[in-house]
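> Per mature numbering (1 follows the signal peptide of the UniProt record, and there is no 0): the sequence shown = residues -30 to -1, 1 to 734.
Even for Gly, the Cβ is constructed at its ideal location relative to N, Cα and C.
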Amino acid sequence: MPGLNPAMSIFRALFIVCVLHSVVTLQVSAQRSTKKASSWQTLSGNEPLVIARGGFSGLLPDSSSAAYNIAMSTSSPNVVLWCDVQLTKDAVGICFPDLKLDNSSSIADFSPNTSSTYLVNGVSTKGWFTVDYDMDFLQNIFLTQGIYSRTNRFDGNMFAIQAVEDVVAQNKPSGLWLNIQHSSFFTQHKLNMRSYVLSVSKSVIVNYISSPEVGFLRSIEARFRTSKTKLVFRFLGAGDTELSTNQTYGSLLKNLTFIKTFASGILVPKSYIWPVTTGQYLLPHTSVVSDAHKQGLEVYASDFANDASFSYNYSYNPLTEYVSFVDNGEFSVDGVLSDFPLTASAAIGCFSHMDNKSSGEDTPTVISHNGASGMFPGCTDLAYNQAIADGANFIDCPVQMTKDGVPVCLTSINLIEGTAVAQSTFGSLSVLIPEIQKNPGIFTFNLTWEEIKTLKPVISNPSFDYQLVRNPANKNAGSFISLDDFLTLALSKPLSGVLINIENAAYLAEKQGLGVIDAVIDVLNKSGYKNQTAQEVIIQSTNKAVLTTFKAQSGYKRMYMVDEDISSIDDSSIKDIKSFADSVAISKESIFPDEQLFLTGSTKVVPRLKSFNLTVYAYLFRNEFVSQAWDFFSDPIVEINSYVMGADIDGVITDFPATAASYKKSKCLEAKELPPYMAPAQPGSLLQLVTTQYLPPTEAPNPSFTVADVSEPPLPPVSKQTASDANSTSAGGPSPSKSDANVGKIAGVFFSSLSLFFASVLLI
């Protein structure tokens, strides 16, 4: 087969870890020794364990050498390696995530005609089972990514299936957890899991043994009673039946006294502790942890994965979920079982027991994007108040002009984006205006402010194609506000300032007779911002002429926004920007370019801009894991940290201000040396672990940014025509002929219908 042999794969995995987290590990044990035992509400008073399920299986093939090695290198020093033990035909215990080899190995390609059908817990199941192959045969098979939503680009390394002893020998873990999921199945095939576990525990140190089978744990309890190995009863679904007792797991949960007779702990799905509604919102926590602790049972929670579905209460921030299990003020689980042990380690080591009254580090400056638009419809009162409560330093208002000349805060000049206008009585107003966009829209200057206030807000769902939606319970919540109301709100809050975005100024002045710059300055003056110094005003635009005008007419700060991904920027461009702006906003891709979500390296754009004393902000940060490169491990905190520490940006523009604000409060940022789970990703390092045949296709580099890209003509004067005159044709030009008008009507009906159709789909 093409690709690296297993030995070379291991070498590359070891090499890549060194590059991926090239920092000196913090002396975590010394730092944590100052912590009072009572600060953790675990049974022992010690910090919760991080248990790496199959290693770092959220990124690499489960149970592979690289997955285990990276888990050891990027997680807490006391991370426990989890091994799902399966038995081969010749009774070798291997670490593999399932009884069947199908999803997580190359067996179907190597031996396509050797599948079998067996009863598994009474259910007829077809597949390639470990019991049909001896270990010598399995050396021809390599591990693959078994969860199809995760990247398969590491499969070319041909990671070998490993025996339990090999995993221990290669990694020398501080803790080993053997999970025995199907002891009874192996018994049916004349393989004795009990004998294997007793035998292997003599050759390697086994710290934990778990199983969902009461009979199995009771059969080994006497042999481990005086050892340091802990037996843990694993609960499956509450309605599932435990075969040896013929009781449901829900019933067994009510009899923890019985569980205590053969186990020292329980492993439960996280929903046993924090249940959710059918709509994926949290219900009050149960008493499972406190009940188990009263019986002297430790409690471990499972099913943690950064890229899995979890409650909307966590706003797609997996770190917040972990903290709710380990540091909620009422209880703490004794450990978490995770596919992403780095995030679990950071939650425990850096983000628990934080001083929430502190604003944390000064950098990065947190600027909201349409308020907290990840939680509420953008630019509504609720989104802005949430952003303030979440710790944003600046809240933003993208100014749009209404038909009657009122400057308002709306996510787009096109009302189809961010409102339910397509389903309103104004749905027939769709027109095509090429100067603004290629597709038809219903624009803010088509409606008065009073009419816009009647529209229903709609939350943004940028990851809708991946079936990831935001806070559906509040998808239409909140009210739109004017710029005047926005400034009044901001002045009453402890903010560093406000950011006002202005686009389409030339079109509005020339074609609609609306002077957006004059309107903004007028409202700022009347609001009191002209005469106060407590809060800054930043005017943001992609248009040089807009910022040049503001520089001439006011003393407000100015941020130039580069609205394309770039690979470099020349001195003349920077000097031009410096002549009218104080800061620059650039895309994340302009800092760390990627190919199919693998970072390929880093550009010099940030250091070039900063060498001219320009403050640099990066946009747009979102919590949804599909918006992040694989290098960030589906963790929004890792992404922010990599841009702040790795790229030296000054601020972030984000849909989720709470995530960026919580990052600034991390205890680990105060340390002289960073623990490995708080090290920035090294761009391009992860890609080195991908073999040649699995590399993503090479993409053309982003363009360079030159002075021609900055250049803009001066803004035209505001025309004398009224808005109704301007709306008489789609582009504000001369009246069409009768025949042209008929063609226009047909085209207008077609584009309007198409536009409304797509808007309706998005709303659904």
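Since Ile150 contacts Ser189 with CB under 8 Å, what's their CB separation in whole angstroms?
At roughly 11 Å, the Cβ-Cβ gap does not stay under 8 Å, so Ile150 and Ser189 are not in contact.
> What are the start and end residues of the alpha helix (DSSP H) that includes Ala392?
Run containing Ala392: none; DSSP gives neither H nor E here.
> Using a threshold of 9 Å, state whether the C-beta atoms of Gln663 and Gly116 are closer than that.
No, the pair does not count as a contact, with Cβ atoms beyond the cut-off.
> Along the alpha helix (DSSP H) that carries Val336, what are the first and last residues, could you check?
Unbroken run through Val336 is the beta strand (DSSP E), Thr335 to Ser338; no alpha helix (DSSP H).
> At 4 residues or longer, and completely inside the stretch 74 to 148: list those alpha helix (DSSP H) runs for me, N to C.
Here the runs fully enclosed are 77 to 80, 105 to 108 and 134 to 141.
> State the Cα-Cα distance for the pair Val138 and Val50, rounded to the nearest angstrom.
Going from the Cα of Val138 to the Cα of Val50 covers about 11 Å.
> Using the C-alpha atoms, what's the distance from Thr570 back to Ser322?
Those two C-alpha atoms are separated by around 33 Å.
> Run the CB neighbour count on Ser707, radius 10 Å, all protein chains shown included, and call it buried at 16 or more, exposed below.
Caution applies to Ser707, whose pLDDT of 37 falls short of 50 and renders its modelled position unreliable; the model cannot decide the point.
> Counting along the chain, where does the alpha helix (DSSP H) carrying Asn495 start and finish?
Note, Asn495: alpha helix (DSSP H), Val486 to Ser497.
> Checking 9 Å against the spacing of the C-beta atoms, do Phe591 and Pro577 come in under that value?
No. Outside cutoff.
> Can you tell me which of Trp98, Tyr88 and Ser85 puts its alpha carbon nearest to the alpha carbon of Lys70?
Closest option to Lys70, Cα to Cα, is Trp98.
> Compare the C-alpha of Gly305 against each of Val202, Arg528 and Leu644 and name the closest.
Among Val202, Arg528 and Leu644, the Cα nearest to that of Gly305 belongs to Val202.
> Unbroken alpha helix (DSSP H) runs of length 4 or more, entirely within the stretch 212 to 279: which are they?
Those alpha helix (DSSP H) runs which fall completely within the stretch 212 to 279 and span 4+ residues are 219 to 223, 226 to 229 and 258 to 264.
> Going by DSSP, what residues sit across from Asp366 in a beta bridge?
DSSP output for Asp366 lists Leu469 as bridge partner(s).
> Just confirm the distance between the C-beta atoms of Thr350 and Ser449, as a whole number of angstroms; I'd bet it's less than 8 Å.
Sure, about 6 Å apart at Cβ, within 8 Å.
> With a cut-off of 8 Å on the beta carbons, I'd call Leu307 and Trp10 a contact; round off their distance for me.
Incorrect: roughly 18 Å between the Cβ atoms, too far for contact.
> Among Val90, Val677 and Thr100, which residue has its Cα nearest to the Cα of Val55?
Closest by alpha carbon: Thr100.
> Figure out for me which residue from Asp625, Gln140 and Leu222 has the closest Cα to the Cα of Ser34.
It is Gln140.
> Pick helix, strand or coil for Ile547, following the three-state DSSP scheme.
Helix at Ile547.
> Report the rounded CA-to-CA distance for Leu237 versus Val622, giving the unit in angstroms.
Near 39 Å, if we compare the C-alpha coordinates of Val622 and Leu237.
> Can you tell which of Gln132, Val20, Thr414 and Glu669 has the C-alpha that lies nearest to the C-alpha of Glu559?
Among Gln132, Val20, Thr414 and Glu669, the Cα nearest to that of Glu559 is on Glu669.
> Along the chain, where does the alpha helix (DSSP H) that runs through Leu417 open and close?
Run containing Leu417: none; DSSP gives neither H nor E here.
> Is there contact between the stretch 324 to 336 and the stretch 29 to 45, where contact requires at least three CB pairs shorter than 8 Å?
As far as the Cβ criterion goes, the stretch 324 to 336 does not touch the stretch 29 to 45, which means the pair count is below three.
> Assign Arg195 to buried or exposed, taking buried as 16 or more other Cβ atoms, counted over all protein chains shown, within 10 Å of its Cβ.
So Arg195 ends up on the exposed side.
> Shortest alpha-carbon distance to Leu13 belongs to which of Ser94, Leu267 and Ala359?
Ranking the options by Cα distance to Leu13, first place goes to Leu267.
> Starting from the N-terminal side, write out each stretch of the alpha helix (DSSP H) that is 4 residues or longer and does not extend beyond the stretch 18 to 58.
Entirely contained in the stretch 18 to 58, the alpha helix (DSSP H) runs reaching 4 residues are, in chain order, 35 to 44.
> Could you check what DSSP says for Asn446 in three-state terms: helix, strand or coil?
It is coil, neither helix nor strand.
> By the three-class DSSP mapping on this structure, what secondary structure does Glu609 have?
In the structure shown, Glu609 sits in a helix (DSSP, three-state: H, G or I).
> DSSP puts Glu565 in a beta bridge; with which residues?
For Glu565, which the question treats as bridged, DSSP gives the partners Phe568.
> Between which two residues does the beta strand (DSSP E) carrying Phe626 extend?
No beta strand (DSSP E) holds Phe626; DSSP gives it neither H nor E.
> Could you tell me the distance, in whole angstroms, from the CA atom of Ala362 to the CA atom of Ser338?
Taking the straight line from one Cα to the other gives about 6 Å.
> From which residue to which residue does the beta strand (DSSP E) around Ala504 run?
First-last for Ala504: undefined, no H or E at that position.
> Which residue or residues does DSSP assign as beta-bridge partners of Gln510?
BP columns for Gln510 point to Asn471 and Met529.
> Below 9 Å between beta carbons: does that hold for Lys426 and Thr389?
Going by C-beta atoms, Lys426 is nearer than 9 Å to Thr389.
> Rounded C-beta distance between Ala22 and Pro311? I'm assuming under 8 Å.
With a Cβ gap of about 4 Å, Ala22 and Pro311 count as contacting.
> Exposed or buried, Pro254, counting other C-beta atoms within 10 Å across all chains shown (16 or more means buried)?
Counting Cβ neighbours within 10 Å, Pro254 comes out exposed, since fewer than 16 surround it.
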